[in-house]
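See below for the structure under consideration.
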Amino acid sequence: MITTIPLFIVGIFLASHLPFVHGTINRQRIVRQFSPHRNASSSTTPMQVGNGNFAFGADVTGLQTFLPYNILSSWAWHNSSLPTTPGQTSPADFTGLDWWTHGRLVPYDQPNPAEADISQWLIANPQRINLGRVGLWFGGRNISESDLSGVSQDLDMYTGTMRSTFTLDGSSISVEVVADPDTSTIAVQLQSDLLNSGHLGVFFDYPYMTGVNKFEAPFVGVWNATANHTTSVQASGQKAQIQHDEDTATYFTMIQWNDQASISGPLSGSHRYILQPKGCTEFSFTVTYSQSPVFEEDMDFSSLSASSSDWWKHYWESGSFIDLTQTAGAASANATELQRRIIQSQYLLAVNEAGHDPPQESGLTNNGWYGKFHAEMFVWHLGHWGRWSKWYLLERAIPGVYERFLPSSIQRAQQQGYAGARWGKQSDPTGRSAPGAINSLLIWQQPHVFQFAEYEWRAFPTNATLQKWERLLVESADFMASYAFWNESTGVYDLGPPMYPVSENTDPNATINPTFELAYWRFGLNIASHWQRRLHKPIPPSWTHVAENLAPLPVENNTYVIYDGIPNMWHNSTYDEDHPSMLGIYGWLPPPAPPTFNLTLMSNTVAAVYATWNFTYSYGWDFPLLAMNAARMGDAQQAVDFLLHPAFAFDEAGYPVGGSRVPTPYFPGSSSLLFAVAMMAGGWTGTEGVQFPEGWTVEAEGFTPAL
Ligand SMILES: *[C@@H]1O[C@H](CO)[C@@H](O)[C@H](O)[C@H]1NC(C)=O
Ligand SMILES: *[C@@H]1O[C@H](CO)[C@@H](O)[C@H](O)[C@H]1NC(C)=O
Ligand SMILES: *[C@@H]1O[C@H](CO)[C@@H](O)[C@H](O)[C@H]1NC(C)=O
Ligand SMILES: *[C@@H]1O[C@H](CO)[C@@H](O)[C@H](O)[C@H]1NC(C)=O
Ligand SMILES: *[C@@H]1O[C@H](CO)[C@@H](O)[C@H](O)[C@H]1NC(C)=O
Ligand SMILES: *[C@@H]1O[C@H](CO)[C@@H](O)[C@H](O)[C@H]1NC(C)=O
Ligand SMILES: *[C@@H]1O[C@H](CO)[C@@H](O)[C@H](O)[C@H]1NC(C)=O
Ligand SMILES: *[C@@H]1O[C@H](CO)[C@@H](O)[C@H](O)[C@H]1NC(C)=O
Ligand SMILES: *[C@@H]1O[C@H](CO)[C@@H](O)[C@H](O)[C@H]1NC(C)=O
Ligand SMILES: *[C@@H]1O[C@H](CO)[C@@H](O)[C@H](O)[C@H]1NC(C)=O
Ligand SMILES: *[C@@H]1O[C@H](CO)[C@@H](O)[C@H](O)[C@H]1NC(C)=O
Ligand SMILES: *[C@@H]1O[C@H](CO)[C@@H](O)[C@H](O)[C@H]1NC(C)=O
């Protein structure tokens, strides 16, 4: 049985696009059914509370008592000191490399061997700061996790509350932790007789950031370089403020508590401070990390606990929802597992990937690529917010990040002799794209703006939407039209060389006219033209000329291949183990218009990928990409099989396992899962409504068709 419940939207659309949904699914029951539970710390993933701009990762005690899981934010970044190598002492000394591009030398931000030190500095800086560590202090005794008994940790995702209970030497301890929805604050409540006897308190500690490692997982920062950074404390009444200075970065920890307690430290040779309660069996406190040393009023455990509950209740009850739990019979175990992945992903994405900047691949859990974020991943990370009608979270970052990066992207295009704006790739909050061959030669980030804009237009077909995106689309399309190279001999526009395609595994100087990028270019330019039409403005002739005369999709042996002229594509193991992007043109993207596109060739390509691809080596968003293609091909069973593929794993708390290539968590797996599920719940243009296999019972509310 498959039903689609119509979505009733009552009240008014607020400026923040916050629809109130009145569906029939008991969302609270389903969310709570999948609450993560642990009885020991995981060695790879924390349990987290947070708000999208700030996240606190805990071990099984609810704090960071035994394992230094991380406290990351969207605002705290650190620069190591600049190199002192003569001629390489400032970012301005970096010049990159010039590569021949259709008969002219074009500058690319690539590491230059003659400027190795400043090139590496620009790659590794700034890094995202791990703000510190907050753990239980056992009166100076050296307690380890194995000294505890009766350990139990639960995360109530419906209220954003983490609860741990355990026993030490016969005394029970309970720890409850929530995060403020608005600031970088946790609130903690402790209950134990050990508080009364002075044997239980809280420690605060600080690591040093180095930029030495591209990936820092599961723990971020160096704890023993205590001489390289400084901390100091000021305390008064029931408040204390710790200042942390590391090189040019400074931030503050603002601690507030109830009852009697005193703070001391740092313990010698460390940056460790102890908050020791006196004469109580219940003690609560708040910890705020901030760029400025200002204490928020009325911050206590009960007020933050209430605001956390309110925020999360609204989160779950607004937007779209899908219930697969009524599925009975043979498919029921798979339906339950898919539902678990969906719910736990929804929780983790709101904690890790709902900030004012797009997220890094590991969200706010640990640092990958130095904590920087990748423009070609923006749609994978963030597109699902719109598809699940949680526009108020999407609009924290989109389109603001594009507006902020527009001037530097226009400059990038100009320096390379192109019109419009060329979006960067691996970025920090200033919009600087880290030096790299792939970073400077990838192009599929460019049309993402059109996908964001078109989905928003479908949801909010207003003049405000048109105006909001107009400039960004015009600048993006201008670059796309000028980047396409008019090939006199073939009479078509070529993409590349040099370039890297989605799969990043071909020779950039040989890569020309890749299937996915050609389809995405045409998709983007067509939307650019629609937008102008909707605005009653003229369409620049260059856009139309390029869109209509782009090279045809490359076909060999009756299949679409990665790029035009790729040698021996289906018989070379180099090519069968990365993102199968050819399938993205029919599934993730709507079908390109014929004669560019031929469904028989697509079908052959699907068969060739299934026959040759090493899916064991695939990871992250590959599986949702494959699922969306399978769904559009009409094979919903194959689609859910991909979403449950053994190589596409989620741990027991919902963290997407990185696998052999990237550290855990690799959140594009979670966000693309939700993107694909939204497509299967709402269908797509021309095939609307729920698209799940026979035998599944699906109740879906609030989904709209994909493009
Ligand atoms: C701890 O959790 C594991 C895995 O969920 C379970 O198999 C085991 O029985 C639990 N142990 C206790 C003592 O609860
Ligand atoms: C790091 O240094 C770069 C280059 O000077 C600068 O643009 C950026 O703002 C700095 N970031 C931080 C967080 O200090
Ligand atoms: C591509 O060509 C440029 C010259 O334009 C050369 O410097 C570069 O090394 C080549 N790259 C590869 C990967 O062959
Ligand atoms: C604390 O105990 C652990 C395990 O029992 C041990 O490995 C560690 O060296 C001890 N640390 C100190 C400072 O005594
Ligand atoms: C810090 O620990 C690392 C890794 O164990 C070690 O290589 C390094 O020498 C230590 N540094 C100091 C200053 O103790
Ligand atoms: C700490 O500073 C010293 C002296 O400048 C330096 O040699 C060392 O590499 C620094 N440690 C780290 C972990 O950056
Ligand atoms: C946009 O505004 C124009 C007048 O400026 C109006 O004619 C048109 O209907 C509006 N379009 C939408 C989608 O609101
Ligand atoms: C096309 O098929 C022939 C014969 O099987 C093979 O030699 C050739 O490498 C194939 N082309 C591609 C692009 O795989
Ligand atoms: C496979 O492709 C890679 C990359 O283009 C190339 O270096 C290699 O020689 C090819 N191997 C075969 C057997 O064709
Ligand atoms: C699609 O491709 C197949 C296989 O090459 C061909 O037989 C068929 O005519 C093509 N269809 C169209 C509409 O071009
Ligand atoms: C497929 O990838 C896995 C994981 O990296 C690897 O162990 C295996 O050897 C690969 N299989 C083939 C046939 O290349
Ligand atoms: C459940 O999912 C697995 C993994 O995709 C698949 O192999 C299996 O056939 C599915 N079972 C049913 C009954 O759909």
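In this note's numbering, the protein residues as written are 208 to 914.
Glycine is no exception: its CB is placed at the ideal position from the N, C-alpha and C atoms.
Please tell me whether THR713 and TYR609 are closer than 9 Å, where the distance is taken between their beta carbons. Taking the sequence shown and counting its residues from 1, one reaches residue 713 at position 506. Taking the sequence shown and counting its residues from 1, one reaches residue 609 at position 402. Cβ atoms of THR713 and TYR609: not closer than 9 Å.
So TRP921 packs on PHE723, CB below 8 Å; how close in whole Å? With the chain running from 208 to 914 in the structure shown, residue 921 is simply not present.
With hydrogens ignored, establish whether the beta-carbon of ASN349 is closer than 8 Å to any heavy atom of ligand 4. Residue 349 sits at position 142 when you count from the first residue of the sequence shown. Distances taken from the Cβ of ASN349 to the heavy atoms of ligand 4 include one shorter than 8 Å.
From LEU757 to TRP750, what does the alpha carbon distance come to, in whole angstroms? Stepping through the sequence shown from its first residue, residue 757 is reached at position 550. Stepping through the sequence shown from its first residue, residue 750 is reached at position 543. Using only the alpha carbons, I get a separation of about 11 Å.
So, THR450 versus GLN463, is the Cβ gap smaller than 9 Å? Within the sequence shown, residue 450 is the residue found at index 243, counting from 1. Within the sequence shown, residue 463 is the residue found at index 256, counting from 1. First, the residue type needs correcting, since residue 450 is Gln and not Thr in the sequence shown. Not closer than 9 Å, so no.
So, at 6 Å on beta carbons, what are the nonlocal neighbours of GLN396 in its own chain, with the 5 sequence-adjacent residues on each side left out? For the purposes of this step, residue 396 is taken as residue 189 along the sequence shown, with counting starting at 1. Here the set comprises GLU383, SER491 and PHE508.
Give a single yes or no on whether VAL429 has its beta carbon closer than 8 Å to a heavy atom of ligand 5. Taking the sequence shown and counting its residues from 1, one reaches residue 429 at position 222. Within the cutoff, so yes.
Measure from the alpha carbon of PRO797 to the alpha carbon of each residue in ASN821, GLY827, MET835 and TYR826, then state which is nearest. For this step, residue 797 is matched to residue 590 along the sequence shown. Minimum Cα distance to PRO797 is reached at MET835.
Give a yes or no on whether the C-beta atoms belonging to THR803 and TRP777 are separated by under 9 Å. Against the sequence shown, residue 803 aligns to sequence position 596. Against the sequence shown, residue 777 aligns to sequence position 570. No; because the gap between Cβ atoms is not below 9 Å, this pair is not in contact.
VAL558: buried (16+ other C-beta within 10 angstroms of its C-beta) or exposed? For this step, residue 558 is matched to residue 351 along the sequence shown. Buried: at least 16 other Cβ atoms inside 10 Å.
Assuming ARG340 is part of the beta strand (DSSP E), what are its boundary residues? Taking the sequence shown and counting its residues from 1, the one referred to as residue 340 is at position 133. ARG340 -> beta strand (DSSP E) spans 340-344.
In the DSSP assignment, what are the bridge partners of PHE373? Taking the sequence shown and counting its residues from 1, one reaches residue 373 at position 166. BP columns for PHE373 point to ILE380.
Taking the straight line between their C-alpha atoms, what separation do you get for ASP454 and ARG335? Residue 454 sits at position 247 when you count from the first residue of the sequence shown. Residue 335 sits at position 128 when you count from the first residue of the sequence shown. So the alpha carbons of these two residues sit roughly 14 Å apart.
Within its chain, find whatever has a CB closer than 7 Å to the CB of HIS308; leave out the 5 residues flanking it on each side and keep chain order. Numbered from 1 along the sequence shown, position 101 holds the residue referred to as residue 308. The question names His, yet the displayed sequence has Thr at residue 308. Cβ within range, chain order: PRO705.
Straight-line gap, ASP387 to SER710 (C-alpha atoms, nearest Å): Here the question's residue 387 lines up with position 180 in the sequence shown. Here the question's residue 710 lines up with position 503 in the sequence shown. Rounded to whole angstroms, ASP387 to SER710 spans 39 Å at the Cα level.
Quick one: Cα of GLY593 to Cα of ALA456, how far? To locate residue 593, count along the sequence shown from 1; it is residue 386. To locate residue 456, count along the sequence shown from 1; it is residue 249. Rounded to the nearest angstrom, the two C-alpha atoms are 35 Å apart.
Nearest neighbour of TRP188, chosen from HIS591, MET687 and ALA513 [CA to CA]: Nothing about residue 188 can be reported from this structure: the residues present for the chain run from 208 to 914 only.
Just to confirm, does ALA432 get its C-beta within under 8 Å of one of the non-hydrogen atoms of ligand 5? One-based indexing of the sequence shown puts residue 432 at position 225. It does: the Cβ of ALA432 is within 8 Å (strictly closer) of some heavy atom of ligand 5.
Looking at C-beta atoms only, is the number of pairs between the region 474-485 and the region 509-519 that lie closer than 8 Å three or more? no
Between the CA atoms of ARG603 and ARG665 - distance to the nearest angstrom: Locating residue 665 in the sequence shown gives position 458, counting from the first residue. Locating residue 603 in the sequence shown gives position 396, counting from the first residue. Their backbone Cα atoms lie some 19 Å apart in a straight line.
Since ALA860 and GLN551 should fall inside the 8 Å C-beta cutoff, what is the C-beta to C-beta distance between them, to a whole number of angstroms? As a position in the sequence shown, residue 860 is number 653, starting the count at 1. As a position in the sequence shown, residue 551 is number 344, starting the count at 1. The pair is a contact, with the Cβ atoms about 7 Å apart (cut-off 8 Å).
Just checking my contact of PRO253 with TRP430 at CB under 8 Å: how many whole Å lie between their CB atoms? In the sequence shown, counting from the first residue as 1, residue 253 sits at position 46. In the sequence shown, counting from the first residue as 1, residue 430 sits at position 223. Their Cβ separation, rounded to whole angstroms, is 17 Å, which puts PRO253 and TRP430 out of contact at 8 Å.
For ALA424, count neighbouring Cβ atoms within 10 angstroms of its own Cβ and tell me buried if that reaches 16, exposed if not. Working through the sequence shown from its first residue, we reach residue 424 at position 217. With a 10 Å radius around the Cβ and a threshold of 16 neighbouring Cβ atoms, ALA424 comes out buried.
Under 8 Å, with one C-beta from each stretch per pair, do the region 240-250 and the region 355-365 reach the 3-pair mark? yes
Using a threshold of 9 Å, state whether the C-beta atoms of THR718 and GLY703 are closer than that. Translated into positions along the sequence shown, residue 718 becomes position 511. Translated into positions along the sequence shown, residue 703 becomes position 496. In contact: THR718 and GLY703 (Cβ atoms closer than 9 Å).
Roughly how many angstroms separate the alpha carbons of LEU601 and THR488, rounded to a whole number? Here the question's residue 601 lines up with position 394 in the sequence shown. Here the question's residue 488 lines up with position 281 in the sequence shown. Cα to Cα, the separation comes out at about 43 Å.
Just grab the DSSP bridge partners of TYR767 for me. Within the sequence shown, residue 767 is the residue found at index 560, counting from 1. DSSP output for TYR767 lists VAL762 as bridge partner(s).
Counting Cβ pairs closer than 8 Å, one from the region 612-630 and one from the region 883-902, do we hit at least three? no
Within 8 Å: the Cβ of SER780 and any heavy atom of ligand 11? Position 573 of the sequence shown holds residue 780. Under cutoff, so the answer is yes.
Let me make sure I understand the geometry here. Which of LEU304, VAL816 and ALA331 has the alpha-carbon closest to that of SER287? As a first step, residue 287 must be located in the sequence shown, where it is residue number 80. Ranking the options by Cα distance to SER287, first place goes to ALA331.
Give the DSSP-derived three-state secondary structure of TRP676 in the structure shown. As a position in the sequence shown, residue 676 is number 469, starting the count at 1. The answer is helix: DSSP assigns TRP676 an H, G or I state.
Return helix, strand or coil for GLU524, following the three-state DSSP convention. The residue you call residue 524 lines up with position 317 of the sequence shown. The answer is helix: DSSP assigns GLU524 an H, G or I state.
How is PRO863 classed by DSSP in three states: helix, strand or coil? By one-based count along the sequence shown, residue 863 stands at place 656. Here PRO863 sits in strand by DSSP.
Taking buried to mean at least 16 other C-beta atoms within 10 Å of its own C-beta, is ILE645 buried or exposed? If you number the sequence shown from 1, residue 645 lands on position 438. That one is exposed.
Quick check on this structure: which residue in GLN448, ILE746 and TRP576 has the alpha carbon closest to the alpha carbon of THR495? Residue mapping note: residue 495 aligns to position 288 of the sequence shown, counting from 1. Taking only the C-alpha atoms, the option nearest THR495 is GLN448.
Boundaries of the beta strand (DSSP E) in which GLN317 is found, first to last residue: Walking along the sequence shown from the start, residue 317 turns up at place 110. Element bounds for GLN317: n/a, residue is neither H nor E.
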